[in-house]
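Each residue of the sequence shown is one higher than the one before, starting from 91 at the first, in this note's numbering. Positions of the beta carbon are idealized from the N, C-alpha and C atoms, including for glycine. Everything numeric in this text was worked out from a predicted model, so none of it was measured.
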Amino acid sequence: MSTAGVKRDIKVVIIGDACVGKTTFIKRYIEGQFTENTETLGACFYLKQWGPHNIAIWDTAGEERFSGLNSFYCRDAAAAIVAYDITNPESFQRLHERYIPLLDAARDEFLLVVTGMKLDLDQKSKLRVPSEEGEDFSVRLNHDRLKDKERFAKPFFETSSKTGQGVDEVFEYIFQTLLTHGKPLSPQKSIVDLEGAPPQREKPTCC
């Protein structure tokens with residue numbers, strides 16, 4: 091079944107360094123299993139149904155040479171999962187330097203969910219990005235949205251694709267915030283036209 095001309099309710103992208111575990115993270119959510127040694131070239135498209143809503147999820151490559159493409163795939167996104175490896179402080183620092191600027195192409199007032207990955211390796215590593223730094227970063231990125239503190243929890247999670255810890259919670263937070271608690275999205279901007287995207291299959295396919 092082709093997705094040409096099919097409308098989606100919201101678009102979610104995931105950005106971050108190569109090898110922080112972005113593809114593994116999404117596959118854990120979509121397929122419910124842990125897959126090692128996956129690499130994304132350009133971007134991959136996934137389709138997820140959440141209640142009556144259709145969600146387009148885009149997995150972007152982390153290599154610097156793909157930064158131009160990543161900016162394109164961030165266009166009109168309603169939310170971004172901002173991913174880093176909690177055992178690799180450099181991957182957290184590069185979020186500030188390389189990846190946040192890519193989100194200029196996303197829609198106004200979009201949601202940024204800061205997500206630390208590889209929590210299962212935490213006790214095996216001498217390096218550790220403090221949870222407080224990730225949480226503070228998420229608050230700064232979502233300053234306007236978090237003014238309503240009673241409605242929105244802090245958009246920060248630490249997860250493990252290997253054990254599944256926290257993975258579903260990230261996506262549930264996004265969908266609950268945007269589709270249940272958030273401001274209604276305008277019809278023109280809330281729908282993403284995926285004409286030219288890869289055909290829909292039972293399993294996600296790279297584009």
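Of the residues D175, P142, V219 and K252, the one placed nearest Y119, counting alpha carbons only: Reading the sequence shown from its first residue, position 29 is the one you call residue 119. Per the Cα distances, K252.
Exposure label - T270; buried when at least 16 CB within 10 Å: Taking the first residue of the sequence shown as 1, we reach residue 270 at position 180. Burial call: exposed.
Residue from R98, K138, I147 and Q139 with nearest C-alpha to K112: By one-based count along the sequence shown, residue 112 stands at place 22. That would be I147, whose Cα lies nearest to the Cα of K112.
Closest Cα partner of E262 within the set L231, Q183 and H143: As a working note, residue 262 is residue 172 in the sequence shown. Residue H143 is the option with its Cα nearest to E262.
Rounded distance between the beta-carbons of L192 and I100, thought under 8 Å: Position 10 of the sequence shown, counted from the start, is the residue given in the question as residue 100. Position 102 of the sequence shown, counted from the start, is the residue given in the question as residue 192. Rounded, the Cβ-Cβ distance is 18 Å, inconsistent with contact.
Top-ranked residue by Cα proximity to I190, from P179, A168 and V172: Residue 190 sits at position 100 when you count from the first residue of the sequence shown. Per the Cα distances, V172.
Counted within 10 angstroms of its Cβ, other Cβ atoms place A169 as buried (16 or more) or exposed: For the purposes of this step, residue 169 is taken as the residue at position 79 of the sequence shown. Classification for A169: buried.
C-beta atoms of F246 and V219 nearer than 7 Å: Numbered from its first residue, the sequence shown carries residue 246 at position 156. Numbered from its first residue, the sequence shown carries residue 219 at position 129. Result no, Cβ atoms of F246 and V219 do not sit closer than 7 Å.
Whole-angstrom distance between Q213 and A167, CA atom to CA atom: Start at 1 with the first residue of the sequence shown, and residue 167 comes out as number 77. Start at 1 with the first residue of the sequence shown, and residue 213 comes out as number 123. Taking the straight line joining both Cα atoms gives about 35 Å.
Cβ distance (whole Å) where L202 is taken to contact N232 below 8 Å: Counted from its first residue, the sequence shown places residue 202 at position 112. Counted from its first residue, the sequence shown places residue 232 at position 142. At roughly 6 Å, the Cβ-Cβ gap stays under 8 Å, so L202 and N232 are in contact.
Closest residue to Y174 among K244, T114 and D258 (Cα-Cα distance): On the sequence shown, position 84 is the one that residue 174 refers to. When each option's Cα is compared against that of Y174, the closest is T114.
Alpha-carbon to alpha-carbon, M207 and V110: On the sequence shown, residue 110 is found 20 positions in, with the first residue counted as 1. On the sequence shown, residue 207 is found 117 positions in, with the first residue counted as 1. The straight-line gap from Cα to Cα measures roughly 7 Å.
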